[in-house]
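I have placed the structure first, in the form of structure tokens, so that the comments after it can refer back to it.
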Amino acid sequence: MSELKRVLFIINRYAGKNKIVGKLTDLLDFFSQKGYLPTVHMTRCVGDATRIANDLGTQYPLVICSGGDGTLSEVVAGLVSLPENKRPAIGYLPAGSTNDYAATLGLSADMSRSASIIAEGCPRRLDVGMFGEMRPFVYVAAFGTFTETSYATPQREKNLLGYNAYLLHGLKELTNLRKYSLSVTMDGVTYQGDFLFGMVSNTDHVGGMRHPLGVEAVLDDGLLEVLLVRAPETAAEWPQLLSEVLSKKSDGRYLIYGRAREIQFCFENDVDWVLDGEHGGAHQNVTIRAMQQAIRFLLPPPDDME
Numbered sequence: 180m181s182e183l184k185r186v187l188f189i190i191n192r193y194a195g196k197n198k199i200v201g202k203l204t205d206l207l208d209f210f211s212q213k214g215y216l217p218t219v220h221m222t223r224c225v226g227d228a229t230r231i232a233n234d235l236g237t238q239y240p241l242v243i244c245s246g247g248d249g250t251l252s253e254v255v256a257g258l259v260s261l262p263e264n265k266r267p268a269i270g271y272l273p274a275g276s277t278n279d280y281a282a283t284l285g286l287s288a289d290m291s292r293s294a295s296i297i298a299e300g301c302p303r304r305l306d307v308g309m310f311g312e313m314r315p316f317v318y319v320a321a322f323g324t325f326t327e328t329s330y331a332t333p334q335r336e337k338n339l340l341g342y343n344a345y346l347l348h349g350l351k352e353l354t355n356l357r358k359y360s361l362s363v364t365m366d367g368v369t370y371q372g373d374f375l376f377g378m379v380s381n382t383d384h385v386g387g388m389r390h391p392l393g394v395e396a397v398l399d400d401g402l403l404e405v406l407l408v409r410a411p412e413t414a415a416e417w418p419q420l421l422s423e424v425l426s427k428k429s430d431g432r433y434l435i436y437g438r439a440r441e442i443q444f445c446f447e448n449d450v451d452w453v454l455d456g457e458h459g460g461a462h463q464n465v466t467i468r469a470m471q472q473a474i475r476f477l478l479p480p481p482d483d484m485e
């Protein structure tokens with residue numbers, strides 16, 4: 180009999196309205212039949228997945244995360260702080276309500292299909308973002324207007340209207356828009372002025388929808404995607420901004436897009452950020468950089484990625 184392969188399961192049972200609870204027994208049975216010896220840890224609070232991954236990660240060649248993108252973000256944060264030669268591979272069983280990063284990776288919301296992908300094992304090294312000095316993130320760091328709107332927009336509206344649903348839901352906030360005066364430097368190129376929104380990402384999907392400019396991210400090139408939305412100076416300029424967003428075409432007047440290894444943000448005051456769908460704290464000055472190919476994910480073969 181061949182030696183069993185040890186695997187650490189880190190599970191957020193509450194993700195996606197307890198989506199995994201009714202499937203856990205079948206999943207454990209599946210991996211046992213595939214020659215794995217599972218050890219299961221359920222998360223109990225925010226930060227628990229990071230602690231478990233960091234404390235136990237070096238003891239296993241594979242860590243399987245089941246939860247939403249926030250849980251995956253915590254697991255990755257725990258693993259990237261380990262020595263590079265001791266980081267296990269990651270398998271992801273998406274169980275959240277949005278699963279942006281899973282969609283980018285070509286993973287299925289059907290856990291049985293995603294489990295098969297993990298068992299077949301096609302490893303690929305992917306980039307991770309580093310927010311400041313100590314806060315890794317998997318796929319997005321954002322600030323400003325509508326930052327939380329994408330997660331509040333009903334999925335039915337997203338399915339019917341796509342990114343327009345995000346805009347229509349967010350327009351309810353127009354009377355309370357806040358402008359952020361800042362300086363942004365992307366690999367030595369600086370933009371200054373008043374902005375409504377900023378996003379640094381490594382994903383094709385945000386808030387359950389395609390990237391607002393239809394960007395197809397390259398996940399392992401050491402570059403992060405940057406999108407800035409400049410604030411119109413007058414009410415008469417709003418139609419032009421909305422036109423650029425709806426057409427997914429920009430001349431750079433209102434929508435500024437770039438790709439960079441390092442991005443520096445300097446605000447006049449502390450500003451709240453969202454990292455992988457969770458609150459990332461308030462910061463006045465922050466540097467975001469790409470950690471190239473920092474983590475190995477078990478993914479579908481390239482030709483099979485959706």
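For the sequence shown, the working numbering assigns the number 180 to the initial residue and increments by one for each residue that follows.
The C-beta atom is built at its ideal place from N, Cα and C for all residues, glycine as well.
Here the stretch 261-278 makes no contact with the stretch 214-229; the two share fewer than three CB pairs at distances below 8 Å.
Around the Cβ of residue 365, a 10 Å sphere holds 16 or more other Cβ atoms; the residue is buried. Look at the beta carbons and you see the stretch 188-206 touching the stretch 274-286: at least three pairs across the two are nearer than 8 Å. Residue environment: residue 225 is assigned as exposed (fewer than 16 neighbouring CB atoms within 10 Å of its CB, all protein chains considered).
Residue 204 sits exposed, since fewer than 16 C-beta atoms from the chains shown fall within 10 Å of its C-beta. Contact annotation: residue 383 and residue 283 have beta-carbon atoms nearer than 8 Å. For residue 308 against residue 439, the beta-carbon gap comes to about 11 Å, at or over 8 Å, which does not count as contact. Contact annotation: residue 379 and residue 370 have beta-carbon atoms that are not nearer than 8 Å.
Boundaries of the beta strand (DSSP E) around residue 451: 441-454.
Taking every protein chain shown into account, the CB of residue 313 has fewer than 16 other CB atoms within 10 angstroms, so this residue is exposed. Cβ neighbours of residue 410 within its own chain (closer than 7 Å, five residues either side excluded): 358, 373, 374, 375. Along the length of the stretch 301-325, whole beta strand (DSSP E) runs at least 3 residues long occupy 302-310, 314-316, 319-323, reported in chain order. Looking at the backbone, the Cα of residue 317 and that of residue 398 are separated by about 10 Å. Per DSSP, residue 469 is one residue of the beta strand (DSSP E) stretching across 457-477.
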